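Input: a single structure, listed below in structure tokens.
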Amino acid sequence: MSEPSRFDDLDPEETREWLESIDSVIKAQGAGRAHFLLERLIDFTRRSGAYLPFKPNTAYVNTISPGQEQEYPGDRSIERRIEAFIRWNAMAMVVHTNRQSSEYGGHIASYASSATMYEVGFNHFWRAPSEKHPGDMVYIQGHVAPGIYARAYLEGRLSEENLRYFRQEVASPEKGLSSYPHPWLMPDFWQFPTVSMGLGPMMAIYQARFQRYLENRGIVPETDRKVWAFLGDGEMDEPESMGAITMPVREKLDNLVFVINCNLQRLDGPVRGNGKIIQELEAAFLGAGWNVVKVIWGSRWDPLLAKDTKGLLRRVMEECVDGEYQNFKAKGGAYTRENFFGKYPELKEMVANMSDDDIWRLNRGGHDYKKVWNAYNAAVNHKGAPTVILCKTVKGFMMGKWGESQNITHQQKKLDDEALKEFRKRVHINIPDEQLAKSPFQRLPEDSEEMKYLRERRERLGGPLPQRRSNAPSLTIPPLETFDSLLQSSGDREFSTTMAFVRILQMLVKDKNIGKNVVPIVPDEARTFGMEGMFRQVGIYSSAGQLYTPQDADQLMFYKEDKKGQILEEGINEGGALASFIAAGTAYANNNVNMIPFYIYYSMFGFQRVGDFIWAAGDSQARGFLLGGTSGRTTLAGEGLQHQDGHSHLAASTIPNCVAYDPTYAYELAVIIQDGMRRMFADQEDVFYYLSVMNENYAHPAMPKGAEAGILKGMYLLQAGGKGKVRVNLMGSGTILREVLKAAEILEKDYGVPADVFSATSFSEARREALDVERTNMLHPDAPQAVPYLRQVFGDRTGPFIAATDNMRIVADQIRQWVPGRFVVLGTDGYGRSDSRAQLRRHFEVDAPHIVVASLRALADEGKLDMATVKAAIKKFNIDPDKPNPVTQ
Ligand SMILES: Cc1ncc(C[n+]2csc(CCOP(=O)(O)OP(=O)(O)O)c2C)c(N)n1
Ligand SMILES: [Mg+2]
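Quick note on the working numbering: the sequence shown kicks off at 2 and runs consecutively.
This is the structure:
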């Protein structure tokens, strides 16, 4: 059955009667009663067998009608002038930069479309952190950075030099401004990295939820602070953007406001040329349960809409697609008269007394202070659900034919004299012709009413924004002895490093100083990692508490949900869990308190699945521990190809401030976690950790005396071989270190080849140190030349060296240039598969026999042993020399 159009009315008289009835109900009993009756009518009709398709859309007009609008509380003419100066300077900094070289890039059109949306926020809504208030958190759209810098310039926070060094951070580390919001590069300014499209929306959602978590747990006082996220309409196509929109409804996050700049264009062209992005987004957000506020039409449309008694204007508004709306702004008033109003003679008549310019000036909602203010005001006062504001704007607004609604506008970085003249005209700034070509930056006189207004507004809201703070107090980290039980030999008791980690976590949550700061995060894998004991111990965070008796209430370790619960159980949602990790890991900057996130997940679903979030965590200077659980391509046995990770350490090494370890023993893990906490939460270093933990059970030895430093540096001598001239040096990490130890035993016993065995806790940390030392040496040829740690730890040993791990070979290969001799690396290159650990280690050629054969062969290559011994060993260990290479299998 086709849907009847809401504009084709078979019986207007009957319709009028129904409307009058509802109107009288609204007047007499209120909108609530009217809503109830309508719902009952719909329900009744459905139950009578009619097919009523669900239509989660309202008409293509503003949600807030003119009659409901409040007066604008600001001085529009002053604000317009301030905005004009910001617009000019934002454009000028991009033009300047590109005049030096088009290498630098930059964007004008995105901010040009959203200036008013930011100005209304800056002048009326967004509080800065101060003694009185923790401040609102604004996720600014990445590409509008020039506009934000231009405002900071007017305020005197940035200098003209700063603007001149836009995108030149190397040329001037002090003055350079980063292209986009990067806390890493501008740690006092930017709070939230947003430019990788789609990450901002999710990070904002989880930030808003984390605020409630901190409040409910009594870690920060309850406040009315809000999280605002500014997003592009094109950006909403990223799966992450809408991927988490049901959570804030479930969590009743009325501290969250999305503002989507619907300028109808993305980079290449229209977002929905053949449809209407605002209606599409409205339906999705309404369906999810958000408070949706559409700001489509500016005030100049109000009189026309008031005259639209027959609904023809609304009909055309609804029937036009975005591709056409783009044309109306790109092609001018005459075009709009013909192709928009021209659809009905009555409409054409309606605008007959308007000039083409008047028609072209019919403004869009997102460029109208009053409309935007009313939408923001509705958002901050809405209770019980998040709000999304859909603002319709013009991409490249005020750029004239050089950018306004043009498909090329996103890439427009250079404006010629004619274009600058047009821009000058549009912003009404008096710049003499002879100066125009230089597009000079414009300041407002310090004693002007605009400057007074600008300052007064921000002072009233607590100071300038954006600003990032990081003066949270350090935490008192427990000493290593706290984990003494893990530093001792476990005797016959066998357990995995994952279990060792859970023990450490359990000890930490009990710590009197930092127990409450610990934030365990899991994506529906707590049982996988043996953490279910913690459900009861510290509770699972739930804003609703627990409204039911858990199925396992009679068990010791029942599923306890609690408003004060400490565990963030994110469900099967690695992206969301990472966003929680970032919120917790940056609490020192956003909540003035150091929180200690431990996010444990299947190692395969970390760097590989949500690597860009981890990159953003690095940019954000998040602190905390990522734990790649059940790691290792041959250790996770049965799970097979999709689960068996042997490359997360490679990916981890790509993130400069991510410190990664692949420990074997409980004591190594304890040393690493204790020192990591010291670095991040006592010394407040801006690093975060990636630790792989495994699920193979084995006994753990006591920590060798004095091993701490080597564990942290990434390599230490675990076991010295006996006496003997023909010898090898072995190294390994994770569970494969145990294969290495077995190999050492075989080599010594069966072949009389003693082996020194090193535990390689981190090839990447060892490499970083060595590279750093060499770089310093290279640049200081006259200074005493330092010796990389790896050279020190290997001392005067000569080859061969054999390394084996449960990772791709390239992980161990990272240290090749500092290994003083022949270096043979074994690893798990290739797709994983299901089988037992023994079978898998044989398949990937990292079991003890392969390590023995590799060692013998290396000795033979050095002439220290004959090839016959190698051949015999291959035979003895039943290794099929013609077995296909696992890489290609
Ligand atoms: C993940 C990701 N993919 C692609 C880009 C490149 N990119 C930058 S801006 C842009 C278009 C943005 O369009 P929209 O979200 O509508 O923002 P507008 O500039 O129109 O406000 C694209 C594709 C990016 N920054 N991030
Ligand atoms: Mg857009």
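Just so you know, even glycine gets a beta-carbon here, dropped at the ideal spot from N, CA and C.
Owing to the predicted nature of the structure, the values given are computational and were not obtained by experimental measurement.
Span of the alpha helix (DSSP H), counted from its first residue to its last, around Thr-98: As a working mapping, residue 98 is identified with position 97 in the sequence shown. Start and end: 77-101.
Quick one: Cα of Arg-158 to Cα of Arg-267, how far? In the sequence shown, the residue the question calls residue 158 occupies position 157. In the sequence shown, the residue the question calls residue 267 occupies position 266. In a straight line, the C-alpha of Arg-158 is about 31 Å away from that of Arg-267.
State yes or no: is the C-beta of Arg-610 nearer than 7 Å to some heavy atom of ligand 1? Here residue 610 refers to the residue found at position 609 of the sequence shown. No, ligand 1 has no heavy atom inside 7 Å of this Cβ.
Span separating the alpha-carbon of Leu-257 from that of Val-520: By 1-based counting over the sequence shown, the position of residue 257 is 256. By 1-based counting over the sequence shown, the position of residue 520 is 519. Cα to Cα, the separation comes out at about 22 Å.
Is it the case that the Cβ atoms of Leu-627 and Gly-607 are separated by a distance below 8 Å? Residue numbering aside, residue 627 sits at position 626 when the sequence shown is read from its first letter. Residue numbering aside, residue 607 sits at position 606 when the sequence shown is read from its first letter. In this structure, Gly-607 lies closer than 8 Å to Leu-627 by Cβ.
Please name the residue, chosen from Asn-163, Pro-147, Gln-142, that lies closest to Phe-231 on a Cα-to-Cα basis. As a first step, residue 231 is located in the sequence shown; it is residue number 230 there, counting from the start. Checked all of Asn-163, Pro-147, Gln-142; the closest Cα to Phe-231 is Gln-142.
Enumerate in chain order the residues of its own chain whose CB-to-CB distance from Glu-170 is below 8 Å, with the five nearest sequence positions on each side excluded. Reading the sequence shown from its first residue, position 169 is the one you call residue 170. Same-chain partners within the cutoff: Gly-177, Leu-178, Ser-179, Leu-186.
Would you identify the three-state DSSP class for Gln-69, choosing helix, strand or coil? As a working note, residue 69 is residue 68 in the sequence shown. In the structure shown, Gln-69 sits in a helix (DSSP, three-state: H, G or I).
Which partner residues of Gln-468 appear in the DSSP bridge assignment? Indexing the sequence shown from 1 puts residue 468 at position 467. Partner(s): none; Gln-468 has no beta bridge.
8 Å contact criterion, which Thr-762 and Glu-669 should meet: CB distance rounded: Within the sequence shown, numbered from 1, the residue matching residue 762 stands at position 761. Within the sequence shown, numbered from 1, the residue matching residue 669 stands at position 668. Rounded, the Cβ-Cβ distance is 6 Å, consistent with contact.
For Arg-679, name the three-state secondary structure that DSSP assigns. Indexing the sequence shown from 1 puts residue 679 at position 678. DSSP places Arg-679 in helix when its eight states are reduced to three.
Work out the CA separation of Arg-461 and Glu-132 for me, nearest whole Å. Counted from its first residue, the sequence shown places residue 132 at position 131. Counted from its first residue, the sequence shown places residue 461 at position 460. Near 13 Å, if we compare the C-alpha coordinates of Arg-461 and Glu-132.
How should Ser-3 be labelled, buried or exposed, when 16 other C-beta atoms within 10 angstroms of its C-beta is the threshold for buried? Position 2 of the sequence shown, counted from the start, is the residue given in the question as residue 3. Low confidence applies here, because Ser-3 scores a pLDDT of 47, under 50, leaving its location unreliable and the question unanswered by this model.
Distance, Val-250 Cα to Gly-33 Cα: Here residue 33 refers to the residue found at position 32 of the sequence shown. Here residue 250 refers to the residue found at position 249 of the sequence shown. Computed Cα separation, rounded: 21 Å.
Is the Cβ-Cβ distance between Gly-725 and Pro-755 less than 8 Å? Start at 1 with the first residue of the sequence shown, and residue 725 comes out as number 724. Start at 1 with the first residue of the sequence shown, and residue 755 comes out as number 754. Yes, Cβ-Cβ distance for Gly-725 and Pro-755 is below 8 Å.
May I ask you to report which of helix, strand or coil DSSP gives Gln-786? Taking the sequence shown and counting its residues from 1, one reaches residue 786 at position 785. Coil at Gln-786, not helix or strand.
If you drop the 5 nearest sequence neighbours on each side, which residues of the same chain put their C-beta closer than 6 Å to that of Val-871? Residue 871 sits at position 870 when you count from the first residue of the sequence shown. Excluding residues within five positions, the ones whose Cβ falls inside 6 Å are Leu-857, Arg-858, Ala-861.
In whole angstroms, give me the CA-to-CA distance for Asp-24 and Ala-35. Counting from 1 along the sequence shown, the entry for residue 24 is found at position 23. Counting from 1 along the sequence shown, the entry for residue 35 is found at position 34. Between Asp-24 and Ala-35, the C-alpha separation is close to 8 Å.
Ligand 2 heavy atoms versus the CB of Asp-303: any closer than 7 Å? Here residue 303 is taken as the residue at index 302 of the sequence shown, counted from 1. No, the Cβ of Asp-303 stays beyond 7 Å of every heavy atom of ligand 2.
Which runs of the alpha helix (DSSP H) fall wholly inside the segment 763-829 and span at least 4 residues, in chain order? 764-780, 790-795, 810-814
Could you compute how far the alpha carbon of Ala-710 sits from the alpha carbon of Gly-796? Position 709 of the sequence shown, counted from the first residue, corresponds to residue 710. Position 795 of the sequence shown, counted from the first residue, corresponds to residue 796. Those two C-alpha atoms are separated by around 16 Å.
Does the pairing of the segment 350-368 with the segment 73-84 give three or more beta-carbon distances under 8 Å? no
Nearest to Gly-735 by CA position, among Asn-99, Asp-646, Leu-416, is which residue? Residue mapping note: residue 735 aligns to position 734 of the sequence shown, counting from 1. With distances taken between Cα atoms, Gly-735 lies closest to Asp-646.
Inspect the beta-carbon positions of Gln-567 and Val-510 and report whether they are closer than 8 Å. Position 566 of the sequence shown holds residue 567. Position 509 of the sequence shown holds residue 510. Yes, the pair counts as a contact, with Cβ atoms nearer than the cut-off.
Does the contact criterion of 3 or more C-beta pairs under 8 Å hold for the segment 443-460 versus the segment 96-111? no
Option in Gly-235, Ala-29, Met-204, Ala-60 with minimal Cα separation from Met-248: In the sequence shown, residue 248 corresponds to position 247, counting from 1. Residue Met-204 is the option with its Cα nearest to Met-248.
Taking DSSP's pairing of strands, which residues face Lys-295 in a bridge? Locating residue 295 in the sequence shown gives position 294, counting from the first residue. Answer by DSSP bridge pairing, in chain order: Leu-391.
Assess, as a yes-or-no matter, whether the segment 864-883 is touched by the segment 685-699 under the definition of 3 or more beta carbon pairs within less than 8 Å. no
Beta strand (DSSP E) runs contained entirely in the segment 663-725, provided each spans 3 or more residues: 689-693, 717-720
Residues in the same chain with beta-carbon distance under 8 Å from Phe-536, minus the five sequence neighbours each way, listed in chain order, please. Looking up residue 536 in the sequence shown gives position 535. Excluding sequence neighbours, Phe-536 sits near Ala-527, Met-558, Phe-559, Tyr-560, Lys-561, Ile-568.
Would you say the beta carbon of Asn-408 comes nearer than 7 Å to a heavy atom of ligand 1? Here residue 408 is taken as the residue at index 407 of the sequence shown, counted from 1. Because no heavy atom of ligand 1 lies under 7 Å away, the Cβ of Asn-408 does not count as near it: no.
Within this structure, are the beta carbons of Ile-811 and Leu-827 separated by less than 8 Å? For the purposes of this step, residue 811 is taken as residue 810 along the sequence shown, with counting starting at 1. For the purposes of this step, residue 827 is taken as residue 826 along the sequence shown, with counting starting at 1. Not in contact: Ile-811 and Leu-827 (Cβ atoms no closer than 8 Å).
With burial defined as no fewer than 16 other Cβ atoms inside 10 Å of the residue's Cβ, what is the status of Ala-784: buried or exposed? Position 783 of the sequence shown, counted from the first residue, corresponds to residue 784. So Ala-784 ends up on the exposed side.
Tell me whether Phe-167 sits in a helix, a strand or coil according to DSSP, three-state version. As a first step, residue 167 is located in the sequence shown; it is residue number 166 there, counting from the start. Phe-167 falls in the strand class under three-state DSSP.
Where does Ala-172 sit, in a helix, a strand or coil, going by DSSP? If you number the sequence shown from 1, residue 172 lands on position 171. DSSP places Ala-172 in coil when its eight states are reduced to three.
CB Ile-583 to CB Asp-525, shorter than 8 Å? Position 582 of the sequence shown, counted from the first residue, corresponds to residue 583. Position 524 of the sequence shown, counted from the first residue, corresponds to residue 525. No, Cβ-Cβ distance for Ile-583 and Asp-525 is not below 8 Å.
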